[in-house]
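Letter by letter, the sequence shown follows residues 1 to 589 in UniProt numbering. We treat Cβ as the ideally placed atom computed from N, Cα and C, and that holds for glycine. Reading through the structure tokens given below for one structure.
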Amino acid sequence: MAGLRPVVELMTINFSLLAMDQIVNHAAKIRYMSGGQFTIPLIVRTVTGGGASVGATHSQSFEGWFASVPGLTVVTPATPRDVIGLFRTCRDLNDPVMFVEHILLYSTRGEAPDDAGFRIPIGQAEVRRVGKHITLCGYSRMALVAEQAADILAQEGIEADEDNVATNVVMPQMGYDMREGTVVRWYKQEGETINRGEVIADIETDKATVEFEAYTGGVLGRIVAAEGVAVPVGNLIAIITEPGEAVPEPAVAPPAAAEPAPAPIPEPAAAVAPPAAAPLADGQVRASPIARRLARERGIDLSLLTGTGPNGRVVEQDVLDYQPAAETAPAPAAASAVAAPADSRIELSRMRQTIARVTADSKSTAPHFYVTAEIDMGKAMALRRDVNDAAAPENRVSVNDLMVKACALALAAHPKFNSFFRGDHLEVHGSMNIGIAIALETGLILPGVSNCESKTLLQIAAGTKDLIDRANNGSLRNDEYSSTTFSISNMGMFDVESFTAIIYPPHAAILAVGSVKEQPVVHDGQLAVGQMMKATLSTDHRVADGAEAAQFLMEIKRVLETRLRCCSNRRLPNRKRPQPAIAGIACAR
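What follows is the structure in structure tokens.
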């Protein structure tokens with residue numbers, strides 16, 4: 001099969017039960033088990049559904065089973081157009097696909113595009129009809145049933161949307177802790193045509209500026225949220241209409257910027273230069289990620305700019321409008337009495353306000369408790385040295401990468417710590433998306449390395465480096481913030497011996513990592529110099545008890561002290577000397 005992209009035809013989906021091992025345990029998992037080294041470009045095309053009661057082996061729908069299997073893509077077309085566009089898309093994928101067609105759709109007639117480049121993207125709902133009162137969702141044959149239901153409702157005066165879309169565009173929630181966002185820039189003006197999936201705006205969250213794509217096509221009928229105005233999550237920011245359709249009045253008035261209060265008249269003072277951008281507590285300039293990136297590209301010092309955004313924040317237009325002032329001779333300083341330093345007021349950035357709110361909420365709702373262990377990092381540091389001796393400079397492994405790998409292996413044995421607390425149950429995650437705390441000029445963020453359970457040490461190191469680089473450039477994707485399931489905070493680079501971290505909700509725990517220090521240790525009755533590190537696990541007591549947390553932390557300790565090297569089976573190229581087995585496939589769960 002090397003180089004082939006096979007299509008397997010099954011008479012009906014019931015016969016897939018005889019191939020569950022091959023589909024679920026092999027095709028779906030080989031890519032994960034190989035650490036991404038192997039791809040399975042396989043399409044299993046089959047028929048589902050019934051309706052004629054023709055027998056037990058012809059009247060069942062099992063596509064829901066396959067939809068819950070990690071590694072499988074399940075596609076359920078509803079029209080001939082869907083079959084052509086989706087099948088061509090699936091043909092280009094490198095992952096296994098269950099292409100499931102309903103048996104009662106085989107007699108359906110409809111559009112069949114003859115354009116060889118026609119494709120339909122996977123994972124997006126299609127809008128069949130735009131209504132006002134209700135949304136009907138369906139897939140496969142039920143999408144056509146939804147159309148029929150919409151016709152019946154229309155006769156009763158109820159206008160229904162078909163599929164999952166609406167004409168009202170609201171401020172999206174791009175993360176668990178996001179409460180509001182700001183439209184930094186509209187790329188479309190009122191009256192312009194919009195295509196589904198087209199970027200129509202840049203939205204600034206507490207952590208990044210994200211491109212916002214239209215989830216339906218049409219005409220931008222009205223812009224409700226002006227640029228630079230903060231809008232709560234879920235509030236209306238725009239209205240998209242059909243061509244020629246009248247724009248409805250928004251149910252909620254658009255948010256408006258508060259009228260500035262008149263400033264008190266100051267006492268006469270010497271003339272001063274126009275204020276520059278508002279500084280943060282650490283002296284850094286408050287600026288949006290786009291403005292910061294643009295200033296870096298143009299070689300502009302942000303401290304020279306006057307911010308026109310909220311609270312004096314430098315925005316993109318400030319950088320574009322900046323003109324260097326001509327150099328002038330400095331005026332002689334006037335003699336004056338030395339005044340006592342005055343008190344000052346520092347406005348919190350949106351990110352700082354979010355950090356304050358999230359950490360306070362976490363401490364007040366999640367009962368924290370802490371367990372600490374001292375870990376002998378000698379073998380782990382030797383592994384790191386071997387990897388870095390053989391690897392290119394850009395592929396070097398950090399202590400934090402070792403911790404991510406160790407936590408992934410330990411979470412496989414203690415999945416409760418890879419969960420979210422949901423009131424009456426725990427939501428345990430199959431994938432281990434480990435967040436790493438990154439300190440930026442504007443505050444702390446926690447993006448994650450995804451699917452750590454299937455990544456090698458070198459892949460984790462590359463993923464971490466990529467996250468840090470893009471975090472500093474303000475180009476992280478929203479899903480890299482919102483999909484983490486466990487987190488690590490490492491302050492070892494600041495020579496911190498130990499500390500306790502606050503759990504990032506709704507995580508169950510967070511690991512606080514100190515620096516690796518040389519200190520005397522006793523091995524087999526002999527005094528030696530060891531490389532020791534302290535790690536403290538903060539745990540939500542609603543999720544686990546002390547004994548469970550201790551066992552999980554001891555598993556991390558055991559991995560770092562004894563298992564990290566043996567859990568890899570790939571060899572690096574012999575660049576300097578024969579290398580031990582390193583950075584290979586993670587232990588399977």
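Check residue i in the structure and name its three-state DSSP category.
| i | result |
| --- | --- |
| Met-491 | coil |
| Ile-13 | helix |
| Gly-191 | coil |
| Met-98 | strand |
| Thr-500 | coil |
| Thr-89 | helix |
| Gly-228 | coil |
| Asn-433 | coil |
| Glu-198 | coil |
| Leu-564 | coil |
| Ser-288 | coil |
| Ile-120 | coil |
| Leu-409 | helix |
| Ala-263 | With a pLDDT of only 48 at Ala-263, under 50, the local geometry of the prediction cannot be trusted, and the value read off the model is given with reservation. DSSP places Ala-263 in coil when its eight states are reduced to three. |
| Arg-5 | coil |
| Pro-268 | Interpretation of Pro-268 is limited by its pLDDT of 45, a score under 50 that renders its predicted location unreliable; no figure is taken from the coordinates. |
When burial is assigned at 16 or more other CB atoms within 10 Å of the CB, is residue i buried or exposed?
| i | result |
| --- | --- |
| His-541 | exposed |
| Cys-137 | exposed |
| Asp-206 | buried |
| residue 614 | With the chain running from 1 to 589 in the structure shown, residue 614 is simply not present. |
| Gln-459 | buried |
| Leu-18 | exposed |
| Glu-192 | exposed |
| Asp-301 | exposed |
| Pro-447 | buried |
| Glu-453 | buried |
| Tyr-32 | buried |
| Arg-141 | buried |
| Ala-549 | buried |
| His-523 | exposed |
| Ile-510 | buried |
| Gly-244 | exposed |
| His-26 | exposed |
| Glu-190 | exposed |
| Ala-392 | exposed |
| Ala-340 | exposed |
| Lys-363 | exposed |
Taking the continuous alpha helix (DSSP H) assigned at residue i, which residues delimit it?
| i | result |
| --- | --- |
| Glu-480 | 479 to 482 |
| Glu-548 | 546 to 558 |
| Leu-42 | First-last for Leu-42: undefined, no H or E at that position. |
| Arg-31 | 30 to 33 |
| Glu-63 | 63 to 67 |
| Ala-150 | 141 to 155 |
Kindly list the residues whose CB is nearer than 7 Å to the CB of residue i, restricted to its own chain and excluding five residues on each side of it in sequence; keep chain order.
| i | result |
| --- | --- |
| Met-178 | Thr-205, Asp-206, Val-233 |
| Arg-81 | Gly-110, Glu-111, Ala-112, Pro-113 |
| Glu-561 | Ile-375, Asp-376, Lys-379 |
| Cys-407 | Ile-434, Phe-486, Ile-488, Leu-511, Ile-556 |
| Ala-226 | none |
Would you give the residue range spanned by the beta strand (DSSP E) that residue i belongs to?
| i | result |
| --- | --- |
| Val-522 | 517 to 523 |
| Ala-535 | 526 to 540 |
| Leu-458 | Taken as a continuous stretch (DSSP letters only), Leu-458 belongs to no beta strand (DSSP E), being part of the alpha helix (DSSP H) at 457 to 473. |
| Val-184 | 180 to 186 |
| Leu-426 | 426 to 428 |
| Leu-511 | 509 to 513 |
| Leu-72 | Element bounds for Leu-72: n/a, residue is neither H nor E. |
| Phe-212 | 209 to 213 |
| Ile-237 | 236 to 241 |
| Asn-168 | 168 to 170 |
| Phe-417 | No beta strand (DSSP E) contains Phe-417, which DSSP labels as neither H nor E. |
| Ala-439 | 438 to 440 |
Is residue i close to chain D? Criterion is C-beta to C-beta, closer than 8 Å.
| i | result |
| --- | --- |
| Phe-369 | Here chain D cannot be found, since the structure has a single protein chain. |
Excluding sequence positions up to five away, which residues of its chain have a Cβ less than 6 Å from the Cβ of residue i?
| i | result |
| --- | --- |
| Val-74 | Glu-63, Phe-66, Ala-67, Met-98 |
| Gly-546 | none |
| Met-171 | Gly-181, Val-231, Val-233, Asn-235, Ile-237 |
| Arg-88 | Arg-119 |
Excluding sequence positions up to five away, which residues of its chain have a Cβ less than 8 Å from the Cβ of residue i?
| i | result |
| --- | --- |
| Pro-520 | Leu-527, Ala-528, Val-529, Gly-530 |
| residue 601 | Only positions 1 to 589 of the chain appear in the structure, and residue 601 is not among them; the question remains open. |
| Glu-497 | Gly-514, Ser-515, Lys-517, Lys-534 |
| Phe-38 | Ile-30, Arg-31 |
| Leu-10 | Ser-16, Ala-19, Val-44, Arg-45, Thr-46, Val-47 |
| Met-491 | Phe-499, Ala-512, Val-513, Gly-514, Ser-515 |
| Ala-273 | Annotation note: pLDDT 42 at Ala-273 (below 50); position unreliable, coordinate value reported separately. Once the five neighbours on either side are set aside, Ala-273 has no close Cβ partner at all. |
At which residue ranges does the region 320 to 398 contain complete beta strand (DSSP E) runs of 3 or more residues, listed in the order of the chain?
368 to 376
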